Amino acid sequence: MLMGRIIPMRNNFLRPGRALRLAAFAALLISSAGHAAESLTIDVHRDANCGCCKKWMQHLEANGFTVVDHVETNMSAIKQDLGVVPRLSSCHTAVINGKFVEGHVPAEQIVALSKRNDLIGIAVPGMPAGSPGMEVDGKQDAYQVIGLSKAGTDQVIAEYPAN
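Next comes the structure, spelled out in structure tokens:
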């Protein structure tokens, strides 16, 4: 027992090298937070003849996703099996952590989906110009990212304005 005994304490906080190690650790934490998609694998189902699907997959890879490409002959069956309703349909369908991602959804919205338990999937219906994979010489149509709840109701989870 140390009662009554004075123990001298050294100020170790600013010892040489410690500040460098702390800075390196902080940089690692910041880097990890900025690349949340790096640990996410997404399965993309697409028709062999669709070029915009490949561009969207490149968008995902550029944002840290691991993309597994599945070329399909019956996309309607894939969509139906995953619960993609016709009003939300687009050209390609992806699956991440058991949830669907339909169409040209931005990577940031897919990361957000992976953290939500109230949705079975998200979609960008149609093929809006300016959405990821549909870039057209500076043109961007307004579009929404729609979430589909377990109860089957739609909700707008993000909006992207036209330019």
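For the sequence shown, the positions run 170 to 332 when this note's numbering is used.
Built from N, CA and C at the ideal position, the CB exists for glycine as well.
All values reported here derive from a predicted model rather than from experimental measurement.
Supposed contact pair residue j and residue i - C-beta distance, whole angstroms, cut 8 Å
i	j	result
F269	L251	4 Å
V274	V314	6 Å
P297	S258	Their Cβ separation, rounded to whole angstroms, is 13 Å, which puts P297 and S258 out of contact at 8 Å.
Own chain partners of residue i with C-beta closer than 8 Å, once the 5 adjacent residues on each side are dropped
i	result
H239	D212, V213, H214 and R215
C219	C260 and H261
Residue i, buried or exposed, once every other Cβ within 10 Å from all chains shown has been counted against 16
i	result
V325	exposed
A292	buried
P248	For clarity, residue 248 is Lys in the given sequence; the question names Pro instead. The residue in question, K248, is buried, as its Cβ has 16 or more Cβ neighbours within 10 Å.
Span of the beta strand (DSSP E), counted from its first residue to its last, around residue i
i	result
H214	T210 to D216
E271	K268 to G272
T322	Note, T322: premise wrong, no beta strand (DSSP E); not H, not E.
Per-residue DSSP class, three states only, for residue i
i	result
S245	helix
A298	coil
D250	helix
A327	strand
Close-in-space but distant-in-sequence residues of the same chain around residue i (CB under 6 Å, 5 per side omitted)
i	result
P301	W225, H228, H273 and P275
Residue i, enclosing alpha helix (DSSP H) - first and last residue
i	result
Q227	G220 to A231
A281	A276 to L282
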